[in-house]
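Since the structure comes first, as C-alpha cells, the remarks are kept for the end.
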Amino acid sequence: MNEATLYIGVDIGGTFTDIIIFDSKSNRINILKTPSTPSNPEKAVIDGLLSMHLDPEKVRMINHASTVATNALLTRTGLTPSALITNRGFIDILEIGRQRRAEIYNLDFQRPDPLIARRYRFGVSGRIDSSGKVIEDLNEEEILRIRKKIEDSGLKGVAISLINSYLNPVHEDRIKEIFDGFDGYVFTSHEVDPQYREYERTSTTVVNTVLSGIVSSYLRRLREGLKNACFRSEIYMMGSNGGLSTIDYAERLPISVIESGPSAGVIASANFSKLLGDDKVITFDMGGTTAKAGVVISGRPDVAYEFEAAGKTHSGRSIKGSGYAVRFPFIDLAEVSAGGGTIAWIDEAGSLRVGPKSAGSDPGPAAYNRGGKDPTVTDADIILGRLNPDNLLGGNMKIYRDLAENALNMKIARPLGIDTIDAASGIIRMINNAMSRAISIVSVERGRDPRGFVMYAYGGAGPLHAAELAADLGIAEIMVPSHPGLFSAYGLLSVDMVRDVSIPFVSNSDIENAFQSLERISIEKMEKEGFHDPLIERFLDIRYLGQSYEITVPYSENYEDTFRTEYRRIYGYVSSDPLEIVSLRIRLTIRMPKIGLIEPEKTADQEIVERSVYISGKLLDTPVMRWSTGHEGFTGDGPFIIEGYDSTIFVPPGWKFRFDRYLNVRMVRS
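Encoded structure:
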C-alpha cells in the first residue's frame, strides 16, 4: 500500500462545496470549488473528489463540515417523528419555555411550533427531588403502555427528560432500559445535556432526538459513497465547538454539529493569527448566502454555551424566543443574511431592499445563467466591474454580464427611475451596511474597539467587500489568506479532536475531586474510541449567589479573581457578594495533524491589465492581476483588483496592499 500522505478538508456550503487537499509529503495543496447539491449534499463531495483523480490509498483523513442539521431545523423537513417522556404535569414545558417574545409589540406573534406535538408528549409518575433523592418510584407498567403507544404511532425517536435527572439519572436510565430493542433512537437528557434548567435540558434533548435520523442517514450515505469510491480513510465531522467529531459521536449527539460549517473558518483564523503574530483579530466570512463575524484574541475564539437553533436574527443578533434552545458549546458568531447570492428587491413602499432571501446555488445569481431572474449582490459587483465580467473559478465558470444587467434594470433600476450603475451601487452600500452591524456586535457592543484589530477577510465574497467595511469601522489593517474562498475548508485541516463535558457542581463538594472524577470517566470513554492522552482544560460556570445566569471562566486557584475580572469586562462593575459555582466543565483535546502555511509554487510571469470599474460613482481604469502571479514583497495602491480562483480582492483608493511569501495579501489604509 502506498504511504498515506493526503489530508482532505471539505466544506459543504449552501452555494458551493469547497475541497482542499494537502499532501504532507510534497507540502502542496490542490483545491476545488464546485456547486453544492442541497438535496443530496454528499454527491458534490464524492463527485468532486472523483474529478480530482486522487489515489484513494494515499488519503489518510477526510474532515468535513455540513449544514445538514441546520437546514433540517430551518425547513422542518427530514426530522425524525418523535415522542417526549417527562414527568406528569410537565408535558407543556416546550410551549412554556422562558416566555420570551421574539416580537414584543406583535399581538399576533406565534412561537415556533414545538418539534414534538402535544399528543406525543407523555407525563409519567416518578420523581427525583432537588437533592437527587427518589421521592416517588416509576410505574414501569405505565412506561410499557407508553412504549406500545409510541410504536403503534410509528414514531422513530424518544426523548426522555425528567426533573432533576442531572443529579440522579436512575429513572431516565430505567425508562431507556424498558425501551431496549425499540426500532428507533432513544436519548436521555442526562446523557445529552447533564445540567440544570429543565426547559433548556428538555429542549436540547428534543432537538437532538429529532435530528438523529437525518444526521445519521446523511453520515451513512457519505461513508458508503466514499467507500464505494474506494476512499476508506477515517472521516471526521466539524463540531459547533470548533473541534472534530468522529462519525459515531456525531450520530450519537447530532446537536454537536448544528453549527458545523461556520466554526471552521474561525478556527483557521485562530491558527493563522498565531502563525502570523496577530493578537487581536476580527473574522469576516462572506459566502454565497450569509456573512458572519467573530473575534479571536490571543489565538482563542469567543465561545458561547447556549443558542437558539433555527431562530431568527435581526442585524446579526439572535432573537430570543424565535428558535429552539440548545445547550452545547459553539464558536460565537454574529450572522446576517448577506452573501453574494442575496437578492435585491423593491418593497411595497417603493424602496430598495437587499435580503434576506438568497438565490443560493440553484438557480443562483442571474449572471450564472442557471435560471435566476432576480438581481443579487454578485450581479451588482459584476455590473460595477469589481468581479470579472467574463468568468469565475479560473475560467471554469462562464459569467453572463448581460443577464445581470437585465435583472438589475427590470427589477431595480426602472422601478426606481435610476440607471443600472446607481442601482448596483445602492445594493452594495446596503449590503455593506448590514454586514457592518454584524462586525459591530462582536466588537463595539462587547466593549472592544475594532480599531485595534486586524480583520481577517475570507469566503468567496469577503475580500471583495472587506476594505469598505473596515473603513466604516475604523479598522486599518486587513489580512486576506491566499485562498479565501476555501478558507473554511482549510480550517478543517487545522483543527483538533475536541470533547466538551460538563457536570453540575454540588455545594460543599471538593472541586479537585469532582474534576478528577469527571476527567477519569471522560478519558475512559475516549479510550474506548481509540483516542489516548488528551490535553485537558478545566472551566467553571460561576455566578453571584442569587443570580439567574452564570459565566464560564478557566479554573485555577484564583478562580474568584478571574470571575470578577471577567464580570467587570462584561458588565462594567463587580460586587463583593459571595459566589456560587454552578457547573464544572472540561475540554479534552486530541492533537491531530495540521496543515501549515504553504509556500506556493512559482507560476507564470506577472501580467497586469486594466478594467473599467465604477468607484464612488466614477468610472476608473483599474489595474487587475491574477493572484497566482503575485510574489513576496509585491505591493500596490488602490484602486486595484486581485483575481483568484476562488475569490477576488477589491482594493479601493486610500488602501495599500502587499503580498507575503505565502501569497497572503495584507492591506493597510494609506
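Under my numbering, the residues of the sequence shown are numbered 2 to 671, in order. Note that beta-carbon positions come from the ideal geometry of N, C-alpha and C, so glycine has one too. Everything numeric in this text was worked out from a predicted model, so none of it was measured.
Where residue i sits in the DSSP three-state scheme
i: residue 533; result: coil
i: residue 302; result: strand
i: residue 360; result: coil
i: residue 564; result: helix
i: residue 242; result: coil
i: residue 550; result: coil
i: residue 98; result: coil
i: residue 630; result: helix
i: residue 6; result: coil
i: residue 226; result: helix
i: residue 168; result: coil
i: residue 657; result: strand
i: residue 521; result: helix
i: residue 592; result: coil
i: residue 637; result: strand
i: residue 29; result: strand
i: residue 327; result: strand
i: residue 218; result: helix
Bridge partners - residue i, DSSP secondary structure assignment
i: residue 623; result: 612
i: residue 651; result: 642
i: residue 11; result: 20 and 65
i: residue 186; result: 158
i: residue 195; result: Looking at the DSSP assignment, residue 195 forms no beta bridge with any residue, so it has no partner.
i: residue 1; result: Here the chain comprises residues numbered 2 to 671, so residue 1 is not present and cannot be evaluated.
i: residue 247; result: 237
i: residue 542; result: 553 and 584
i: residue 354; result: 346
i: residue 668; result: 479 and 658
Spatial distance of residue i from residue j (CA atoms)
i: residue 440; j: residue 86; result: 42 Å
i: residue 6; j: residue 59; result: 6 Å
i: residue 228; j: residue 601; result: 32 Å
i: residue 101; j: residue 613; result: 52 Å
i: residue 544; j: residue 581; result: 5 Å
i: residue 347; j: residue 649; result: 28 Å
i: residue 481; j: residue 68; result: 25 Å
i: residue 476; j: residue 454; result: 7 Å
i: residue 2; j: residue 56; result: Bear in mind that the predicted position of residue 2 carries a pLDDT of just 45, short of 50, making it too unreliable to give a figure here.
i: residue 385; j: residue 341; result: 14 Å
i: residue 82; j: residue 252; result: 17 Å
i: residue 258; j: residue 420; result: 45 Å
i: residue 417; j: residue 222; result: 49 Å
i: residue 632; j: residue 54; result: 29 Å
i: residue 25; j: residue 234; result: 15 Å
i: residue 191; j: residue 270; result: 34 Å
i: residue 301; j: residue 333; result: 11 Å
i: residue 309; j: residue 243; result: 18 Å
i: residue 671; j: residue 656; result: 5 Å
i: residue 415; j: residue 428; result: 14 Å
i: residue 32; j: residue 10; result: 10 Å
i: residue 215; j: residue 236; result: 18 Å
i: residue 506; j: residue 516; result: 10 Å
i: residue 313; j: residue 104; result: 11 Å
i: residue 278; j: residue 299; result: 9 Å
i: residue 560; j: residue 540; result: 9 Å
i: residue 177; j: residue 198; result: 21 Å
i: residue 484; j: residue 645; result: 8 Å
i: residue 405; j: residue 639; result: 26 Å
Interface flag, residue i vs chain B, CB-CB below 8 Å
i: residue 298; result: Absent from the structure: chain B. Only one protein chain is present.
Near the ligand PLP: residue i beta-carbon under 7 Å from a heavy atom
i: residue 19; result: This structure lacks the ligand PLP; in fact it carries no ligand of any kind.
Fill in: Completely contained alpha helix (DSSP H) runs for the region 430-515, where each covers 4 or more residues
463-474 and 488-492
Practice prompt. Enumerate, from N- to C-terminal direction, the unbroken beta strand (DSSP E) stretches of 3 or more residues contained entirely within the region 252-325.
Written response: For the region 252-325, whole beta strand (DSSP E) runs of length 3 or above, ordered along the chain, are 281-287, 292-298 and 308-310.
Discussion item. If we require 3 or more residues per run, which beta strand (DSSP E) segments fall completely within the region 32-96?
Written reply: 60-66 and 83-88
Item to complete: Evaluate contact between the region 78-98 and the region 29-49, counting only Cβ atoms and requiring at least three cross-stretch pairs below 8 Å.
Response: no
Discussion item. Using a Cβ distance threshold of 8 Å, determine whether the region 200-211 contacts the region 320-335, with at least three qualifying pairs required.
Written reply: yes
Worksheet item: Along the chain, which unbroken stretches of the beta strand (DSSP E) at least 3 residues long are found entirely within the region 104-138?
Response: Listed in chain order, the complete beta strand (DSSP E) runs (minimum 3 residues) inside the region 104-138 are 122-125 and 135-137.
Worksheet entry | Sequence ranges, alpha helix (DSSP H) only - wholly within the region 371-398, length at least 4 | As far as the region 371-398 is concerned, its whole alpha helix (DSSP H) runs of at least 4 residues are 378-384.
Worksheet entry | the region 282-289 contacting the region 492-503, beta-carbon criterion three pairs below 8 Å | In short, these stretches do not touch, since the Cβ pair count stays below three.
Worksheet item: Do the region 561-581 and the region 482-492 make contact, defined as three or more Cβ pairs closer than 8 Å?
Response: no
Worksheet item: Is there contact here, the region 366-374 with the region 444-463, by at least three beta-carbon pairs under 8 Å?
Response: They do not touch, by the three-pair rule.
Worksheet entry | Touch test, the region 583-595 against the region 529-549, Cβ-Cβ under 8 Å, three pairs minimum | yes
Worksheet item: Do the region 142-160 and the region 173-190 make contact, defined as three or more Cβ pairs closer than 8 Å?
Response: yes
Worksheet entry | Given 8 Å, three or more beta-carbon pairs between the region 435-450 and the region 265-280 | no
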